[in-house]
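Chains as they are written, first to last, in the numbering used here: chain X, 8 to 119; chain Z, 109 to 222. Okay, so here's the structure we're looking at.
Right under this line is the structure:
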């Protein structure tokens, strides 16, 4: 049972345009959501997060939107840069647990 | 720089031959995690330690064991690797239960079983 779903395995975007990566979840107990970025031959690195009490969190070029009623979150990258090319994982956690539940990832390619 | 280190980066073992993967951290974090990630799949939590408190996931096979001799080190032992255990194994840390959300990952060990 995949509680966190990233239905797009890949996304290709032109440099300078917006990249939108989507994530859906099924567990209504999740209250904290994160995006991780992974380059080849490296471990995932934390990118940005959002608590369920918010619907938007912004950090520079990265913005995460949360729609609790739809159990959906998205990561917006604008403007996209070639260095953003990586695999992006969505992850979720329920209150007072030690664990993150990850999605399968979306491979983003930003081309010139 | 504070970091999570995994050795070796690549490990080849034979079917049924025990293998140990290691993880060390200089972050002084209380929690350490082991994940298994197969190609195009989500990282799957195997178990984690909160200090010395071991927490096994219900669906982690008995073939997988872990040791945490001190704060800095954690080991993953696969007692009798099968072909299906070939995967990337990721170690991660976090400061504590209230900050478990933000986990810091090592580069992973890619295990091949021949």
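Ideal placement from N, C-alpha and C gives every residue a C-beta, glycine not left out.
Could you check whether the Cβ of residue 149 of chain Z sits closer than 7 Å to any Cβ belonging to chain X? Looking up residue 149 of chain Z in the second chain gives position 41. Output row for residue 149 of chain Z: interface = yes.
Tell me whether residue 21 of chain X is buried or exposed, calling it buried when 16 or more other Cβ atoms sit within 10 Å of its Cβ. Position 14 of the first chain, counted from the first residue, corresponds to residue 21 of chain X. Around the C-beta of residue 21 of chain X, fewer than 16 other C-beta atoms lie within 10 Å, and the residue is accordingly described as exposed.
Kindly list the residues whose CB is nearer than 7 Å to the CB of residue 106 of chain X, restricted to its own chain and excluding five residues on each side of it in sequence; keep chain order. Translated into the one-based positions of the first chain, residue 106 of chain X becomes position 99. Same-chain partners within the cutoff: 100.
Mind checking if residue 198 of chain Z is an interface residue toward chain X, Cβ cutoff 7 Å exclusive? Within the second chain, residue 198 of chain Z is the residue found at index 90, counting from 1. Using a Cβ-Cβ cut-off of 7 Å, residue 198 of chain Z counts as an interface residue toward chain X, since at least one Cβ of chain X sits closer than that to its own.
Rounded C-alpha distance that separates residue 216 of chain Z from residue 80 of chain X: One-based indexing of the second chain puts residue 216 of chain Z at position 108. One-based indexing of the first chain puts residue 80 of chain X at position 73. A straight line joining the alpha-carbon of residue 216 of chain Z with that of residue 80 of chain X spans about 27 Å.
Could you give the first and the last residue of the continuous beta strand (DSSP E) run that contains residue 101 of chain X? Counting from 1 along the first chain, the entry for residue 101 of chain X is found at position 94. Per DSSP, residue 101 of chain X belongs to the beta strand (DSSP E) from 93 to 101.
Quick check: what's the CA-CA separation for residue 163 of chain Z versus residue 204 of chain Z? Counting from 1 along the second chain, the entry for residue 163 of chain Z is found at position 55. Counting from 1 along the second chain, the entry for residue 204 of chain Z is found at position 96. The alpha-carbon atoms of residue 163 of chain Z and residue 204 of chain Z are separated by roughly 14 Å.
Along chain X, which residues have their Cβ under 7 Å away from the Cβ of residue 139 of chain Z? Counting from 1 along the second chain, the entry for residue 139 of chain Z is found at position 31. 105, listed in chain order.
Report yes or no: is there a C-beta of chain X within less than 7 Å of the C-beta of residue 213 of chain Z? Against the second chain, residue 213 of chain Z aligns to sequence position 105. It does; some Cβ of chain X falls within 7 Å.
Beta strand (DSSP E) runs wholly inside the stretch 111 to 183 of chain Z, at least 3 long, in chain order: DSSP runs (the beta strand (DSSP E)) wholly in the stretch 111 to 183 of chain Z: 112 to 115, 118 to 121, 127 to 133, 139 to 145, 152 to 158, 161 to 164 and 172 to 175.
Give the residues from the stretch 155 to 171 of chain Z that approach chain X closer than 9 Å (Cβ to any Cβ), ordered along the chain. Within the stretch 155 to 171 of chain Z, the qualifying residues are 156, 158, 163 and 165.
Taking C-alpha atoms, which residue in X/75, X/103 and X/71 lies nearest to residue 28 of chain X? Position 21 of the first chain, counted from the start, is the residue given in the question as residue 28 of chain X. Closest by alpha carbon: X/71.
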